[in-house]
Every structure is written in C-alpha cells, then in structure tokens.
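If you read the sequence shown in our numbering, its first letter stands for residue 109, the second for the next number, and so on.
Quick reminder that beta carbons are idealized off the backbone N, C-alpha and C, glycines included.
All remarks here apply to the structure that follows.
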Amino acid sequence: MPNSDQRYHEALAFLTGRINFEKAPVRDQDKRQFKLERMQRLLELIGRPDKRIPVVHVAGTKGKGSTAVMIAEILAAARYRVGLFTSPHIMQFEERMRVDGKCPTPEQVTDLVDRLRGPIQKLDNESATYGPTYFEIATAMAWLMFSDARADFAVLEVGLGGRLDSTNICCPEVTVITNISRDHMPLLGTTLSEVAREKAGIIKPGVPVVSGVEGEGPAEVVAKRAAEQGAPLWELGREVQYHYEPGPVRSWPLPSAPGLLDVSSPVRSSQKLPVALLGEHQGRNAALAVAACDAMVSRGFRIESAALPQGLAKVKWPARIEVLADRPTVVVDAAHNVASIAALRDTLRTQFPPSRKRLIFAVSNDKDAVGMLRQIAPEFDECLLTSYALTHRAFPVADLQATAASIEGVRYRVCPSPLEAWQIARAESGPDDLICITGSFFLAAELRRVILAEQAVNAPDPDGSAVEAGSEAYRAKLDRP
C-alpha cells in the first residue's frame, strides 16, 4: 500500500495531468469550453460547499491577489476564520488555498483530491470534450477545505477574466475590481472596455461593488453593469478617497518602514494605516481592501476599526516586489504585463537607493514582451535575458534579444536558463548593487526557490557549494510532477 508521501505525489500528478490553461496554450476550440456549467455541476456533486460561506470576490488585471490577501488579513484580525483562494502559486500548489493563513498539509491535499476523483470521473464520462480542468479542481478543493474548516468567510481571487471564471459560482457579499490593463487579450477582448466587461461579470444583483478601475471606457463598463444589477458602486477617487505615503527602504530587513495610508469611505475614515507591501500601487490596493471591508460593515458584518491596521501590518505576499536578500539587494517580482512592470519600475526609482542594477528577465509568449522590456530595460545597467523551462509558454529568448537590441543604450546578454542568469548576476554584483528578477510567475517561482535554497545553507561559500545547493533545488523543481 502506498505510503502518505507517495499518495501525496500521486495526488499532485493527478492534478498536473488535467488540462491546465496556466501552462498550456489556449487553442480556438478551447475557448468554447470556458463555461460555468461544468464548475457548477462539480460543486453540485460535492454538496455545494460554496453555498454555506459568505464570499468576498476579487477580480482585476493587476493587484487582485494583493488586494485579496489584504482583505483576508483584515478579516482575520477582526477574529473571523478566513479561507483565501489565490492563483497561481509560487513555490507549491498548496499556496493556492489557506485557512487563517495556513496551507493544507500534504495529507489534506491527498484527501481533498481523493474526495473529488469520483465526481471528476463522472464529469469526464459525461463530457464530449474534457472534464474539469486543473483550475476548476483547485477551486473545488478550496471550497471543500473552507467548508471542512467551517470558515466564516472565503476571499476568492479570480483566476482569469471573471464572467466565466470558475470562482464565479458564488454569491458574494462584496465584489472588488482592482484595475483593468492589457493582459490575456486574445481571450478577454481586444480593447480595455471588452476586458472590463469580462471582469465586471462578477457583479451580482444588489451586491456592493468596490472599483479601482481607471479610464473612462472601462470605468463606464463597470458602472453600467453595476446599474443593471442594482449593485451599489463605490469608486476609488469618488466614494472612496485615499492618500498614501510610501515608506523608505534603508537597510535590511526591508522595508525599514511601512507605507502609511489614509482612507475615507461612505462608512468611515481611517488614518495612518500601515501598508507592508512596497509600491505606490500597493497603497491603492490597500485602499480597495479597506473599502471592501467597509462595504461589508454596511452589510451588517462587524469589522472594528482596529482590525484595519492590525491586518494590513501582517500582510506578506511572495514575489510582489519582494526583497529576498541584501548585499546585494535581490528583488523578485511576478509582474507579467506592461502595467505591472511600470509599477515595479516606479517603485525601484522612488523607494530604493541609487545603485548599479542588473535585470533577469523572462516572459510568457502570450504577453506583451516587447512593451514590458521597453518599459523596464532602460532602468538597468545590464539585462540578462532568459527563458524558463517549466512551461511551453515561454517567450523565445532570441526574440527578447532582438527587442533589447532595438532599445538604445541597453546592455544585455542572453543566458540559456534562469539558473545561469542568476549565477552570473550573483557573481558579478557588488554588495551595494541590486538584482531584480521579473517578467513572469514562472520565472519568479524558479529563481525564488533557488535563492531560498542558497540562503538555507547559511554558510560562507568559497567553493560554490551554496550555488550548487541552489542548482539542486532548481533541478528538483523541474522533476516535480
């Protein structure tokens, strides 16, 4: 009989064997399979756990994950038991679902998958194309976990779009739409207004909407949808006002001081709230999180003012302008579209001291790689261009090289793998330098694991043993199911 470790890896192998649109390219025939009926049927077969838990539903192109985790921490500080579902994961699958900040154990993952095998097989047999996808199964696992834990709330981050996302089988207390920018355009639409229409698909009848959507066209789409649904609308810059002062980055551990946020909503005003995550954009996300909690107060839920600073001060969120090391400073950020890259660029300019900077950059082939590289490359003294091995969606490094060559004044070199790019940057950077790793969740995941493995060695490295430890961790990642 397989032991618990074997059963856990078999469960992961079962998951990764499902169709996964986070890694596989979406074909035209696949687009027709984005529908809610399959997810609804799966939840029905497991007893509709989503019907028993109040939800805060968060969509948007950028900032939705950070906003979701901020809301979850505030609710936890208000003494609620909170389930949080986010995507994608950085280090391991379990990160996608948490209750009170804790991920499921390997035994829980195995149990959740085992409980879903029968319903999945039933749907496989009923389908003319394919049954539940990787993301749909992950969503169902999260619902089971939250139900088992008797969570008071579930905070759900939309995976893709909103209208047809598997998280949209819910009846939320509040919906949040962070912002709209160009991403997943082949699937969501060719204009920002079309993308906004997909995101606004999470708006439900009578349910308050907190919106950080900018731009006249996209904002009008959200407002129109809210009016059609009779959903009260709080817009950032109108019903919700905020002021954010970023905290300075001075010394390790970073940041040395949180940003400070003032927020006023139709419910209350809050001053000098600490924002632990770096960047002006995180001040904006925090304002949306606070406003969402205020909207819940308007619905009759008890969230005392003291929970706002307590929750925001506890937020930790990997690969969001995350400082992993000092001397040299190492920043890992999962920015994967032009707007997120611009936010990273601005934060490096305003919150980090001047230094010599190296960029490690890789991107997926469905992103605006040219636009991203043009935004970020001129900020760096050297760009190390590479391509990750964990998915077939990687943008060809030769095409990145052609783009870099067309940008005046940019120094670059091509590296066969992220690991080699990291080893070069690490060896050639001085203690006062900065290394920034960005362009993709896949790149962030690969190199974050390597860097943390090196740090775990926690010893002088005259013979390169720490780098070798990192290399082993990197290879182990590639070998995982």
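Would you mind giving the Cβ-Cβ distance between L432 and R556, rounded to the nearest angstrom? I have them listed as a contact below 8 Å.
The Cβ separation is near 7 Å, so the contact holds.
With C-beta atoms as the reference, is G479 less than 7 Å away from V446?
In this structure, V446 lies closer than 7 Å to G479 by Cβ.
Decide if G325 is buried, meaning its Cβ has at least 16 other Cβ atoms within 10 Å, or exposed.
Exposed, by the Cβ-count rule.
Using a Cβ-Cβ cutoff of less than 7 Å, which residues in the same chain neighbour L551 once the five nearest sequence positions on both sides are dropped?
Around L551: A470, Y496, P526 and I545.
Are the CB atoms of F193 and M178 within a distance shorter than 7 Å?
Contact flag unset, no.
Beta-carbon separation of R189 and A259 under 7 Å?
Cβ atoms of R189 and A259: closer than 7 Å.
Less than 6 Å separating the Cβ of S235 from some heavy atom of the ligand GDP?
Of ligands this structure carries none, so the ligand GDP is not represented either.
Quick one: any contact between the region 404–412 and the region 509–517, if contact means 3 or more CB pairs under 8 Å?
Because the criterion of three Cβ pairs below 8 Å is not met, the region 404–412 and the region 509–517 do not touch.
For Q114, which residues from the same chain have a beta carbon less than 6 Å from its beta carbon, with the 5 sequence-adjacent residues on both sides left out?
So no residue of the chain qualifies.
Does the Cβ of S112 have 16 or more other Cβ atoms within 10 Å, making it buried, or fewer, making it exposed?
Under this definition S112 is an exposed residue.
Give the range of the alpha helix (DSSP H) segment to which H165 is assigned.
It is not in any alpha helix (DSSP H) - H165 instead sits in the beta strand (DSSP E) that spans V163 to A167.
Leaving out five residues before and five after I310 in sequence, what residues of the same chain have Cβ atoms less than 6 Å from its Cβ?
Here the set comprises H165, A167, G270, N276 and T283.
Going by Cα to Cα distance, which pick from A394, V440, L420 and R376 is closest to I429?
I429 has its Cα closest to that of V440, out of A394, V440, L420 and R376.
Note the first and the last residue of the continuous alpha helix (DSSP H) segment covering Q337.
No alpha helix (DSSP H) contains Q337, which DSSP labels as neither H nor E.
Please state whether DSSP places I127 in a helix, a strand or coil.
In this structure, I127 counts as coil in the three-state DSSP scheme.
So what does DSSP say about S195, is it helix, strand or coil?
Coil.
Do the region 378–388 and the region 230–244 meet, that is, are 3 or more Cβ pairs less than 8 Å apart?
Cβ pair count under 8 Å is below three, so no.
Is it the case that the Cβ atoms of A304 and V329 are separated by a distance below 7 Å?
Against a cut-off of 7 Å, the Cβ pair of V329 and A304 comes out as a contact.
Can you tell which of E202, E145 and V207 has its C-alpha closest to the C-alpha of A214?
The question names Ala, yet the displayed sequence has Pro at residue 214. Measuring from the Cα of P214, the nearest candidate turns out to be E202.
Can you tell me whether A533 is buried or exposed? The criterion is at least 16 other CB atoms within 10 Å of its CB, across all chains shown.
Under this definition A533 is a buried residue.
Quick one: any contact between the region 247–264 and the region 155–165, if contact means 3 or more CB pairs under 8 Å?
As far as the Cβ criterion goes, the region 247–264 touches the region 155–165, which means the pair count is three or higher.
Quick check: what's the CA-CA separation for S463 versus K475?
Approximately 29 Å between the Cα atoms of the pair.
Can you check whether the CB of Y352 is closer than 7 Å to the CB of G367?
Yes, these two residues count as a Cβ contact at 7 Å.
Helix or strand or just coil, what does DSSP make of E388?
Helix at E388.
Between the Cα of L272 and the Cα atoms of P374, V221, A308 and E181, which residue gives the shortest distance?
Residue A308 is the option with its Cα nearest to L272.
Shorter than 7 Å from the beta carbon of A395 to some beta carbon of chain B?
Note that chain B does not occur in the displayed structure, where there is just one protein chain.
In its own chain, which residues sit with a C-beta less than 6 Å from the C-beta of D370, not counting the 5 before and 5 after it?
Cβ within range, chain order: H351 and Q379.
Where G226 and M199 are concerned, what is the direct C-alpha to C-alpha distance, given to the nearest angstrom?
One C-alpha to the other measures close to 28 Å.
In this structure, does DSSP put C401 in helix, strand or coil?
Note: C401 maps to helix in three-state DSSP.
Could you please give me the residues that DSSP links to D370 through a beta bridge?
DSSP, once it has assigned bridges, lists H351 as partnering D370.
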